[in-house]
Structures are given as C-alpha cells and as structure tokens.
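Visitor: Protein chains in written order, with my numbering: chain U, 2 to 202; chain D, 158 to 1177.
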Amino acid sequence: MTNEQYRPKILGFLCNWCCYTAADSAGVGRYQYPPNLRVIRIMCTGRLDPSFPLEALASGADGVFVGGCHPGECHYQDGNYHALVSAALVHEILARLGVSRERFLIEWASAAEGPNFVKIITAFTKQVEQLGPLGLAEKIPAESLRVSLTQAAKAARDRKLRTGLINASREMFKGGDFSRTTIAQLVQAKCEKALHEVDSL
Amino acid sequence: MVASSASSTSGITKGSVLVLGGGVAGVQSALDMTELGLKVYLVEKSASIGGVMARLDKTFPTNDCSLCILAPKLVEVGRNPNIDIITNAELLKVAGTPGNFTVTIKKRPRYIDEEVCTGCGQCTLYCLKQISDDYNEKLSSTHAAHIDYSQAVPTSYHIDPKSCLRLNFETCGLCAVACQAKAIRFDQREEVVELPVGAVVLAPGFGRIKNEVLQRYGWGKFADVLTAFEHERLMCASGPTNGEIVRPSDEKHPKKIAFLQCIGSRDRTCGNDYCSSVCCMYAIKQASLAREHDPEAEITLFYMDVRTHGKGFDAARERAISENNLRIIYARPPRVEDVFDGRLLLTYATEDGEHHYEYFDMVVLSQGLESPDDAELIARVTGIDLNEYQFAATGLNAPLATSRPGIYVIGAFQGPKDIPDSVTQASGAAALCSSLLTAARGTEIVHAQYPAERDVTTEEPRIGVFVCHCGINIAGVVDVRNVRDYARGLPNVVYATDNLYSCSQDTQKHLTDIIKEHRLNRVVVSACTPRTHEPLFQATMREAGLNRSLFEMANIRDQCSWVHMHEPEEATSKARDLVRMAVAKAAHLVSLAEQLLPVTPSALVVGGGLAGLTAALAVAEQGFACTLVEKNKELGGRSLLLTADRSGNSPSEMIGGLVEKVRQHRLITTYTKATVASTSGYVGSFTSAIDTGRGSEVVNHGIIILATGGRPYRPSQYLYNQSDRVMTQLELEKRLGSSRPLSNQIKQVVMIQCVGSRGDDLAYCSRVCCGQALKNALRLKALQPSLAITIFYRDMRAYGFQEDLYRKAREQGVIFIRYTPENPPKATKDATPKSRISIKAYDSLLGEEVELAADMVVLAVGIVPEDPSTLARMLKVPVTAENFYLEAHVKLRPVDLPVDGVYVCGLAHSPKTMDETIAQAQAAAGRACQPLARGSIVPEPIVSQVDSELCIGCGACQSFCPYKAIEIYKEGKLRKARTLKASCKGCGVCAARCPTMAIDMGRFTLEGIRSQIHAFAEGE
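Right, here's the structure in full:
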C-alpha cells in the first residue's frame, strides 16, 4: 500500500446532543470533510466505556474520535468529565503499548458548531493519515499491536482498572480541576497497580 | 375520513376547531391543537395537504430538503385520529359565537373513495386523458385520474372532473375497470356538511402573482423565462426533469442565469405595494442550488434591496454569495427581450445611472406572494375584515386575531412571511384556541390505539433494511441501489429495499406491510438523521406491532451524502459501512418496556417583558399555573422605551394593560427583582430556585419558557456620547414621546442605519431598525413637514407591509442614500459644544461625495440579546455564536429548544418586531402547554439496567448518577444497586463506570456497541 492510496479508517463516538447534532448541522450546511469517519451515536460521552476505543483500534481503526459537549455544557451535567477520565486511561494505555497517542482524540463541538466539528474532523483525519496505518508510525508490527490492544480492551473491562477509574473520577470531582493534565495524573496514580499488567502485554 | 355532523349540543363550548388550509401553517396548527386536547377538522381546497412547502425542493437558510422535513408532519396528520382531513372542500358559512360556531362546508367529490383506494396508481396508468401537472407547475403532464404527488396525504388518488372523459362525455371509464380495489365512484356527488366547532383558524396561504404581471417580463412568451416556482420544480428530484435544471427551449443546461427580484412585489402598477418578505432569500437559495447542480453556471441576482432580515439569513447569504460566486446587482430590469440566438437580453440601469445590456440563458422571476385568490370569498363567509391588499386585517397588538372574535389567522394570509414565521403563528393560534376552549378540552378527542406488540424475544433476528434516496439528496451522491444490494447480503437481513422518500405516508404503509409480510422483527432505515426522523419510523413500527426500540437508523444523508458531495464513491462506501454497523447493532436490539411519567401542570416563564408577559398570560389562560420571574423591579421590559407603534398607538398603554392582566390573573405568580438561581430536572418535572432578593423560593414546574429579551447595542461610532446631537433611535423615541419633541432650530436630521449591525460589531441584521427609522422619520415629518431628513442605509429592509412606511417616507421627501460597508458615512464636528455634525458620504446616485450639516443624527443601533450563558448552562440548551438561543429546528420547531420542555420567545430568540414577539410568545405558550395538557410523558426507554448477579454493591453508580436514579438496596445480606426508571435519563455514566460491567443501557448496550465496532472494522 503506497501512501497516496492510504485512507485511514476513523471511528467516532458522538454524543447525541452536541457533537452528533453538530455533525448533522454540518451536513445541512453542506460543509465538506474527508469521508473517513464512521460514527457510532451514543446519548452521552459518559457512556464511553474505556474499552471501546481500545477495541476499535484493536479491530482495525487507525484512529478513534470521541466528540461531546463543551465542558460544563454536558446535557447530562458531567458525562463529558467522565469521558475525559476514560480517555485519559486510553491515552495512558496507548503510551504503555507504544501506540501513538495521536490516534485517539477527544474533543468538543456544541450543537451550534457544525463548522467547528468539520475543522476538528478534517484536522484529525490529516493527523491520522500522517501516522499511516496502525504500526507504521509506531514501528511495531500491526499484528502484535492488535493483540496487545485486544488484551488491553479486556483489561479495561476488568474490575481492577475500573476501580482505579472510579477513584480517579471521585478525586476529579472532589478537586474540581477538570484540566486534562490533572485528570491524566489522577488516572495514572489511581490505576498504577492495575496498569502494570498492561505493561506486560 | 369525511367528517359527519358530530353531536351538536348547542350552547356548550365545543372542543373542536376548524382549520382552513392544509399548508404547513394549517398542518402545524392542527397538530398542536390535538396535543392541546382539541379535535380538528382540517379543510383543504385541493385534493391533498402540504401546500406550497410540499412543492419546494429546499428551504432557506439551511437548504434543508423541504419535503423531508414536511413529510413527517403530513404523515402525523394523516395518522392522527383527532384530525379529520376534508379535501376538495371549501367553507360556505360560519354561524354562531366564539366557542360555539356552526360551520358549513362544501365538499367536492374526489370520484375515488379515499377509504378504499390503496394508492396503487393503476387508475393513472389506464387513464386516457392527459392533463398538465399542477404540482409541477404545468411543466409536465399527468392524467385526469391522479395523485398530486407521490408522498401526498391523504394517500389516495382522485379524478379531475374538468377533464375526465367519463364524467364529461360518458365514455372511457377504464379506471373503474383497472381498479382492483373497486374504489372508483363516478356517482359521488357534492356534499354539504355542517360541523359544530369552537373556533376557526384561517390558513389559506397565499395566491400567485397574476400572469399579466409575469408576462411583462416575457413569461409565457419566451420559454426560458421561468417563475421561481417553476425553477424550484426543475431543481427538485421529483420534478419534471428529475432534478436537472435545463432550459425548456432546448433542454440545455443554462450557463448564465439571472434572477429578477420584486416581481409583483413593491410594485404599484399591479397594486402590490408591499414587500413579499421571502423572495430575496429564496432567490439566494435557488441561485446556490443552481450552482450546486452546475458548478460552471454564472448567476446574477438583480435586487432593489437585499432583504435577508431573518435569523441567520445574512450569514447564509454571505456564505452563498462567496462560495457560489453569485453576482449581486442593484437594479430593476424593466423587461426581458428575446434575441435570435436563443438568449435573453436584459437592459438595466445601475444606481450610478449607467445603462447596461447583458445576455442570459435563463431568467428566473422571483415572484412575490399575493393574497389568496379567494380572499374576498373567505372574508365574506367568515365575516372578517381584509386590509387594503386583501390580506386578513389584524392589529399589531393581536397579530393572530381577525376582526371577528373566535376566528384566527395564520401564515401568509396574515401577511407575506416565510415558513418559520408561519409555523410560529400556527402554534400561537393553537394557544389562542386552547384558551378560548379550555372548558371543552379533551371532550371530543380519542386516544391513538396501536395494535398489541408482538413478542419477538424467542425469534431469531429478521432485519429489514430500507435505504432512502431522499430525492437526490442521497441518491445524487450515494449509489443507493448498490447500498441496498449490499444490505441484502448482510447477516440477519431478510429483506432490503430502496425508497424515493422513506418518510412519506405511502412508504409508511409500505413499511408496515413489509414488516408483516416478511415477519421482520428489527428495522434499519438508512436515510437522514435519527434526531429528526426516528419518532416517525418508530410510530410506524408500533403500527406494525413492533416495539419501537427494535429500530435503528443509519445516517447516510446529513453525515454522508451532504458532506461528501464531490466523492460519490467514497460516500457510497461510507454508506455501506454505516448500514453494516446499523445492522450489526440491530441484531442486538430488544423490546423495551415503556413508562409513563407524571407532569407537574405548571410553567416557569423567565423574563417579564412583552414576550414573557404574553407567554405567561397565554399559559394561564389555557388553565395552567405559571410563575413569572423578572429581574427588574417593574414588569414591561424594553418595549416600554417605544413611544409609538407603526400605527401610531402607544405601546406603553398596551403593555400597561398586559401587566395589569398578568398581575390580576389568579394562576400567575410574579416575582420581580428576582432571578432563577438554579434549575434542574426534565420535561414534566423541573425544580427551580428563584432568588427573590429576600430569600429563595422553590418552584416545581413542568416546562420553562425563556423570554430573557435583549437590549440596544451601545455604539461608539458617529460621535455618540460626544455630542448631544447624536442619539439612538430609542432615544429619539423618548424625545418624540415628550412634550416638546422638536425645537425650531432643527432643520436637518440624518439617520444612519446598521450602526454596529451586519458585520461591524454584531454579525447579524437586527431586523427592526429599518422599520423603526421609517416610523420615526414619518413622526418627525408629521411634527415638522419642512424638516429635511436623510437616511443613510445599506438595504432598506422594510419587509411586508412596512413597505408602506418606506413609500410614504419617500413621498414626504425623506432622502434615502445607500452606503456600502467599505465606505460608510463619516461624522465630524468642530470644537464648540453646540457644533452641528458634519456628515460626509458618497452618494452613488449622484456619483459624488455629499456633505450634510446635521442638527440631529439618529443611529439605528441594533439589538443585543441579554447574556444567556447562565440559563443556557443550567438548562443545557445551545446558543448561537451571536448569543441567541438556538432552536430545535430553524424551520419547523422555531420556538422549541433542543431540550424537551424548554421553549424560547422574543428577542432571546432573535431580533423581531412587537407583533412578531406577541405571536411568538403565544406560540411558545402553545407548544409549552402540550405536555401540561397531556398530563404525562412517555420518555424513550433507554434507561439503565443492573444485573444483580454481577453487581457487587459498591455504589459507584449511585454516587456518579447525575439524576439520583440509582438506589442501593439489601438483597439478603448483600448490597445491590437498582435503577429508578422514572428518574433515569439514559446517559450511561453508570454503565461506563461499573467495575463489574453489571450495568447496561437500553438500546445502547455493551454488546450492541461492540458489534458496531466490529462491523466497522470489517470495512474494506
């Protein structure tokens, strides 16, 4: 496969109220974007199980996008903060497995922001395109990455890691700091033990 | 479906309403009224409902597919047991008093029995008599036995008695032989029925500009001069050319197209001195779509003024112009000439006085809206007054009330207007009828019955896939048949087909039949977005005996064909992927039990200005309690700053009366100097804390209406605040309302429009400023006829009947000078405190700079919404970039916000005049009272479910649930979680956080989503 022909496969999880609506309004306004994205509609990004993005990458996605409401604007109050916690775990696991963190993105577009959604998707598609198929940028055989990603998805459905996420979520709400760096640190700290198992994947 | 004379108990208030006209306004009003507990007789003079909107290809400003958004409503009307559609009918008489009318209706025969006709179309196939097709503006032909359009409601054919051979010459009759259903009834006779109703809503729509006016521009003489309606049909996939824009003369694609505006509008010679309000925008739409059809086409629009004053219109116009390279010329070509090489010649003079000649391949006449042809007849039989242009006469303070109590008017018959304004009025009239007939609510309605649901738990999945063409919206890009064939090969799919429009009424019937015939137990519709169309298909599922949760949509239009318009292969491949993913998910869907939640029957209205007062009163008059919260000390809002309306009456008197009524009403509790401190809950069950300054009041309410208003923009331009001579229009209003409004010293007044609006500081047009300037100019002229007044403007947006003010101002010597945003007027003064203001500007008419020494400079400053961010955040409702609330659908849900149970009206929605505000506030009340009248809501059953085997009782779900919808209980010695279904909103946080994966979500199950992920991965 030469680079010109390479078309990355991107899976998106969009929340019904903001990003999915933004995607619809981009359509109504006929804003054009690359045709790589396939969308799974969820009611809220809070539904995002941490295993979903890992499973998507394991089964053939080159990039995964999660789109929700802007912080503070979640239709269900704080689902998007929970999504940030799940996303932090995904990024942490990707790092430990040697997968480029740029293959996974969580971003926001409100219902009124069709053009913003288009901008995000266009940029993300370009970004993943530059990485090439899974394994290329990582310089690790795709097959072995897929095996470890499958294992990681399984681990993300396991009680140990999820208990870590519960504690990270609790700390996040207690601290009231929803910055991505803080959340990443919380997730690292709370999931540290369980993550050791991922390291051995 | 013919209404028989229902039980007529005279003297008692009736629980039914007659709606005259089945266009989008009539349809919306009918639907709203049934939700408010009233029965509706929908009387339509043609053979099907849908009106003009059903004939449009797209709607501005979003270029959304017109029939796609209308068809679900038509279907809803068709299946609503509380709406009797009476077609081919006219109103003969309205006798009686408000609440207790008797209407007489004449029903012309259809000659085909509606109840028996299956809509198979054999009659048309066999009919020998060809007639021109009105639906396609006579650009194609149909037969005497026909249906108006394939998605028509009722889905029944009819025979045109003027041309039928059997009816006129006692010959033929082939249709009767061909009709398997035996539905042909040549012996049908005209019927006259009398119906008792409580109120009447007139929605007859608009009439067409006379042919003589069109002929002046060569229409009817030169084949390639088309009306905009004809052009609209050419653009449409279901039109005479299947969506190809070709010249009627030679069927070639026109490369140069001209749009001529104001045909039959703003034209004294044909008696239509008003502006039709919609043509500027629809021409922009048609021009953009013509470019979409042929990217080479060069398009020119000839305007007098560009009147794109609606919400989001200016932005849409600017984008359309730049993306499509549209050329705008300010000129009014007087005629179209034919030249021998098949082209059309336009001669026109631009504003600088220069004459130009130019050839075009096609000329489109942007025809205006006239009062309906039968306006006088309607007025006579209903006893209402018409205005000088034969539209229904209404007052500025009661825009929906005709001169006869109990009879209301909506849509274009009230004055030329676009779809959202018509829909708004429709909901407003529903509120007024509901108020009038409160005593009889629910007395004449029945409840929809669905067949018992089939138990599919033990069945293997049998999935049916329906792929929609959506006219050319999808099929123009995606290879729909390829997707259909692909779907046939997917696991569990036992049936797949394609439809031209999946949302039409005939398709719903088809769907029901197919579900039964093939014993489908899961349905995937691959079409537009579930956000707008899922409810329609779910209702169809229920009619076919399936639980509505066994349904899934693949969005191959909004998120595919529309966003990959130039990549048909990629779009087709994406559509296949999306269908495969939807099918994979569908296999995991299960039936979910419905739940009924109670509704707190009261409202909260935020904002005590004109909009909030009107809305609160309209809610209370429908019999529901209402809490009104106003942040200022006094009720009345900023309308009190106006000292006269367009007809010269004092708004403060009207508002004073309104405040009094609100204060006196026993169902309204008013808090002034109060704000909403917090609010939580959902439709039917909100709880808000009102900060009254003296403490906090907790209010429970079922719905919320946001009427938070707007304020004038504060200018810094044109020496404002640096000279007493410079003021805003509102400040001039104040002066005009004072005892000594104008000193003798004032000789020259200059008004400057669009100060801060349309791109400077506010990106939008504030809609009201042109009308206000004209009104105030006339008030000044009335005080001092010799006063010199010059108005600098960009486009004089005196839409609708405000054109009268524009004409009067010109007649009285007001000078109008157009300026461009690149070259606005400049104001200077000398150092003396009393210095007059020197205004310098370029006058394109004279071709030179003019300088005026102004004694008074009046700035039209535009409207800024009050900051919506706190409420928007609390209620989770979106706002636009300009800080106006963003409605659920710009065309068809103009006062609903995307969050159920939250509504908007007034300046918080967008700038608008007082009469428009009143209609919109009434509309908000009409929409908002629907859940209150219903008394209960049935939320989507997408709630969470705990598997108690897996649950370890850790309580994480309980602690994270934003709705306290999970409780921990004891099962023996073990702690377990369970969902309180009535409180669960289905966000799924509990499922994502559960450590043992013991929680799953209805319709969005773990296995369902995983199967979507795996199906995604199977893509090539």
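No residue lacks a Cβ here, since even glycine has one placed at the ideal position from N, Cα and C. As the structure is a computational prediction, the values presented were derived from the model and not from experiment.
1) Entirely within the region 200 to 260 of chain D and at least 3 residues each: give me those beta strand (DSSP E) ranges in chain order.
2) Using a 10 Å radius around the Cβ and a threshold of 16 neighbouring Cβ atoms, would you call D/K1069 buried or exposed?
3) Straight-line CA distance for D/T507 to D/A440?
4) Tell me, to the nearest whole angstrom, how far the beta carbon of D/I242 is from that of D/P311; I am working on the premise that it is less than 8 Å.
5) In chain order, what residues of the same chain have a beta carbon less than 6 Å from the beta carbon of D/R212, not counting five sequence neighbours either side?
6) Any beta carbon of chain D sitting closer than 8 Å to that of U/P9?
7) Residues of the region 1133 to 1162 of chain D with a CB closer than 8 Å to any CB of chain U: list them in chain order, please.
8) Does the separation of the CB atoms of D/I861 and D/G1058 fall below 8 Å?
9) With a threshold of 8 Å on Cβ separation, who are the neighbours of D/M392 within its own chain once the five nearest residues in sequence on each side are excluded?
10) Under the three-state reduction of DSSP, which class applies to D/A1010: helix, strand or coil?
11) Could you spell out where the beta strand (DSSP E) holding D/I1123 opens and where it closes?
12) Give a yes or no on whether 8 Å exceeds the smallest Cβ distance from D/P872 to chain U.
13) Under 8 Å between C-beta atoms, does U/L49 make it to chain D?
14) Relative to chain D, which residues along the region 88 to 122 of chain U have a C-beta separation below 7 Å, given in chain order?
15) Could you tell me if D/Q272 is buried or exposed, where buried requires 16 or more neighbouring beta carbons within 10 angstroms of its beta carbon?
16) Residues of chain D with a CB under 8 Å from the CB of U/H83: which are they?
17) Could you tell me which chain D residues have their CB closer than 7 Å to the CB of U/E56, listed as they occur along the chain?
18) Does D/V747 have its Cβ less than 8 Å from a Cβ in chain U?
19) My parser needs the alpha helix (DSSP H) runs of 4 or more residues fully inside the region 152 to 189 of chain U; what are they?
20) Have a look at D/Y1120, D/Q1115, D/L227, D/S1105 and flag the residue whose alpha-carbon is nearest the alpha-carbon of D/Q662.
21) Taking the CB atoms as reference points, tell me whether D/G178 and D/G362 lie closer together than 8 Å.
22) Quick check: is the beta carbon of U/F1 nearer than 8 Å to any beta carbon in chain D?
23) Where D/G859 and D/L824 are concerned, what is the direct C-alpha to C-alpha distance, given to the nearest angstrom?
24) Cβ closer than 9 Å: which chain U residues qualify as neighbours of D/I1099?
25) Nearest to D/Q1189 by alpha carbon, out of D/R492, D/P411, D/Q279?
26) Between the Cα of D/S1145 and those of U/A84, U/K191, U/M173, U/L38, spot the shortest distance and give me the residue it belongs to.
27) Based on DSSP bridge pairs, tell me the residues matched to D/I486.
28) Which two residues bound the contiguous alpha helix (DSSP H) that contains D/D961?
29) Going straight from the alpha carbon of D/G1159 to that of D/Y1042, what length do you get?
30) DSSP state of D/V1056, grouped into three classes?
31) Give a yes or no on whether 8 Å exceeds the smallest Cβ distance from U/I197 to chain D.
32) Take D/A1162 and list the residues in its own chain whose beta-carbon comes closer than 7 Å to its own, dropping the five residues that flank it on each side.
33) Count the other C-beta atoms from every protein chain shown that fall within 10 angstroms of the C-beta of D/K1121, then say buried if there are 16 or more, exposed otherwise.
34) Starting from U/T22, find everything on chain D with Cβ-Cβ shorter than 9 Å and list it in chain order.
35) For U/P116, which residues in the same chain have their Cβ closer than 8 Å to its Cβ, ignoring the five residues on either side in sequence?
36) Using 8 Å as the cut-off, can you tell me whether the region 841 to 850 of chain D makes contact with the region 748 to 763 of chain D, which would need three or more C-beta pairs spanning the two stretches below that distance?
Guide: Based on what the coordinates show:
1) 240 to 243, 246 to 254
2) buried
3) 20 Å
4) 6 Å
5) none
6) no
7) K1142, G1143, C1144, G1145, V1146, A1148, A1149, R1150, C1151, P1152, T1153, M1154, M1158, F1161
8) yes
9) D214, K215, G400, I402, Q443, L446, A447, H450
10) strand
11) 1123 to 1128
12) no
13) yes
14) S111, A112, A113
15) It should be pointed out that residue 272 of chain D corresponds to Glu in this sequence rather than to Gln. Burial call: exposed.
16) F1117, V1146, A1149, R1150
17) R1167, I1170
18) no
19) 160 to 176
20) D/L227
21) yes
22) The requested residue 1 of chain U does not occur in the structure, where chain U is confined to residues 2 to 202.
23) 15 Å
24) M44
25) Nothing can be reported for residue 1189 of chain D: it is not among the residues displayed for chain D, which extend from 158 to 1177.
26) Looking at the sequence itself, residue 1145 of chain D is Gly, so the reference to Ser does not match. When only C-alpha atoms are compared, the closest one is U/A84.
27) D/F459
28) 960 to 968
29) 31 Å
30) coil
31) The residue asked about is misnamed: residue 197 of chain U is His in this sequence, not Ile. No, its Cβ sits nowhere closer than 8 Å to a Cβ of chain D.
32) Strictly speaking, residue 1162 of chain D in this sequence is Thr, with Ala absent from that position. Cβ neighbours of D/T1162 beyond the five flanking positions: H745.
33) exposed
34) T686, R688, P1035, P1055
35) A27, G30, Y32
36) yes
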